[in-house]
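Below is one structure, written out as structure tokens; comments come after it.
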RNA sequence: GGAGAGGUGGCCGAGUCGGCCGAAGGCAGCCGCCUGCUAAGCGGUUACAGGGGCAAAACCUCUGUCCCGGGUUCGAAUCCCGGCCUCUCCGCCA
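Residue numbers (the working numbering): 7 to 437.
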């Protein structure tokens, strides 16, 4: 969430910045509520000061053996007034909080203006889409023909939007994940973490998943509802909540974390969309990247994070492009963000395979992660996250870009060490 | 699942017939002095958040915070109720 002080001191600037993103309408009300809160605080705190002084005096009088019943009665009334005002302060606090969590992050000045994803800006392209001497097939056809992908049985044991991978298909999924983790930990300076896949409601609140995206989350059913656990929709949830409430020494920043986890999403409201293949699934694997930085570091760390994700595609020799999101399309929590889109020959277009964002202090404030400079007061960290990459979508890209005329698929060179040297996936012999 | 113990400042740890406790003492850190050498001594100092004063910083002042929430009271770290968490033992278990 945004800093209440920023809204209080520069409401007009915040409103302007949110023009494309939405949420500007909330600013005026927050300012009004904030004024109300401070009036109440002044009043109640003066009464508390009065009560504290009087109680002190009553104590002394009693020790001297004097009667203080009159003063006690007077303070009882003051106490009642305080209780009333405390209740009002609490109510206003909650109202402000409820408004504040609805306000999106302010885009960085460098973000290109625009209303929707149509105005996103292509930043660069890498690689040249291969010229096929035949009509390239979509991954689901290739996968099923090669006996790697079994959607029918996944539907039988679960439901639509689930998949079963067989033999070399399952191995390829694991190879991709391990290749990515090795790259990020060995060459890009990330520390690998293994984290809970089920987290509590507080974690979901602090990472902005609740209440807004409740309908997108799978959750457990508990006799005591307050103990409900939620399946993570991304490892970002676990990784970014990790240091909640902590103050990190500045010299330990930036922190660079990566984790491989499954991700679970209900995909409510996407009926009929991307139903073919495994592009949009209820369960998919992802190697996530998260950084915690100082405010000075965060924008260059965003650039390097994007480069880290790109490097996966370069080593896999998959053509891609990088797109910067415009002010109207940059995520709710993000100050700036890029999407990486990989080439899909069958579809003849680039589709999203990674998204990297700088949440700036917005995320650090929400989960309450701060850092302590050598000199000076603790401040909220900047947090960043990105996919490095979505594994299932990487599998799609490999199958589609590396397919041959006979329906076989070449294994990218970078993955062969993870596939026991296997160079090619071929049609299994007919039984 | 059963039984018991406990949650106090960066750490350890006092504090339970309610007030003089934001909290003794120790450790650690910082500043200074002294001394002199593989370290000690002396003095001072060191929490966080919010409000007000101030253009702002410094600073001053007020409020809150001794796991969380509620209650009793003029007043609660201290009493009462509820919750959360941690630890130990038993049972079960990959």
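Quick reminder that beta carbons are idealized off the backbone N, C-alpha and C, glycines included.
Query, Result
"Measuring alpha carbon to alpha carbon, tell me which residue in 233, 184, 215 is nearest residue 291.", "184"
"Sorted by chain position, which residues of the same chain lie with C-beta nearer than 6 Å to residue 389's C-beta, five sequence neighbours on each side aside?", "246, 298, 365, 369, 370"
"Run through the DSSP bridge pairs and tell me what residue 266 is partnered with.", "293"
"What does the alpha-carbon distance come out to for the pair residue 79 and residue 37?", "38 Å"
"Taking only runs of the alpha helix (DSSP H) that begin and end inside the segment 135–187, which ones reach a length of at least 4 residues, in chain order?", "145–151, 157–163"
"Under the three-state reduction of DSSP, which class applies to residue 127: helix, strand or coil?", "strand"
"Return the first residue and the last residue of the alpha helix (DSSP H) that residue 85 is part of.", "75–106"
"When burial is assigned at 16 or more other CB atoms within 10 Å of the CB, is residue 264 buried or exposed?", "buried"
"Count the CB pairs spanning the segment 124–139 and the segment 333–351 that are closer than 8 Å, and state whether there are at least three.", "yes"
"In its own chain, which residues sit with a C-beta less than 8 Å from the C-beta of residue 33, not counting the 5 before and 5 after it?", "13, 17, 20, 21, 24, 109"
"Evaluate residue 169 with the Cβ neighbour count: other Cβ atoms within 10 Å of its Cβ, from every protein chain shown; 16 or more gives buried, anything less gives exposed.", "buried"
"May I have the straight-line CA-CA distance separating residue 281 from residue 97, to the nearest angstrom?", "46 Å"
"Write down every uninterrupted run of the alpha helix (DSSP H) in the segment 337–396 whose length is 4 residues or greater and which is fully enclosed by it, in chain order.", "366–373"
"Can you tell me whether residue 36 is helix, strand or coil according to DSSP?", "helix"
"Specify, as a first and last residue, the run of the alpha helix (DSSP H) that residue 206 falls within.", "Residue 206 -> not in any alpha helix (DSSP H); beta strand (DSSP E) instead, spanning 204–206."
"Which residue's Cα is closest to the Cα of residue 135: 432, 361, 409?", "409"
"List the endpoints of the continuous beta strand (DSSP E) containing residue 327.", "326–330"
"When the Cα atoms are used, what is the spatial distance from residue 113 to residue 30?", "13 Å"
"Checking 8 Å against the spacing of the C-beta atoms, do residue 74 and residue 64 come in under that value?", "yes"
"Residue 296 and residue 407 look like a contact to me (Cβ under 8 Å); what is the Cβ gap, rounded to whole Å?", "Not confirmed; about 28 Å, so no contact."
"Rounded to a whole number of angstroms, what is the C-alpha to C-alpha distance between residue 293 and residue 252?", "25 Å"
"Give the straight-line distance between the Cα atoms of residue 66 and residue 92, rounded to the nearest whole angstrom.", "27 Å"
"Give the range of the alpha helix (DSSP H) segment to which residue 253 is assigned.", "Where residue 253 is concerned, there is no enclosing alpha helix (DSSP H), although the beta strand (DSSP E) it sits in stretches over 253–255."
"Residue 279 and residue 272: beta carbons closer than 8 Å?", "no"
"Do residue 318 and residue 425 have their CB atoms nearer than 8 Å?", "no"
"Counting Cβ pairs closer than 8 Å, one from the segment 354–361 and one from the segment 201–209, do we hit at least three?", "no"
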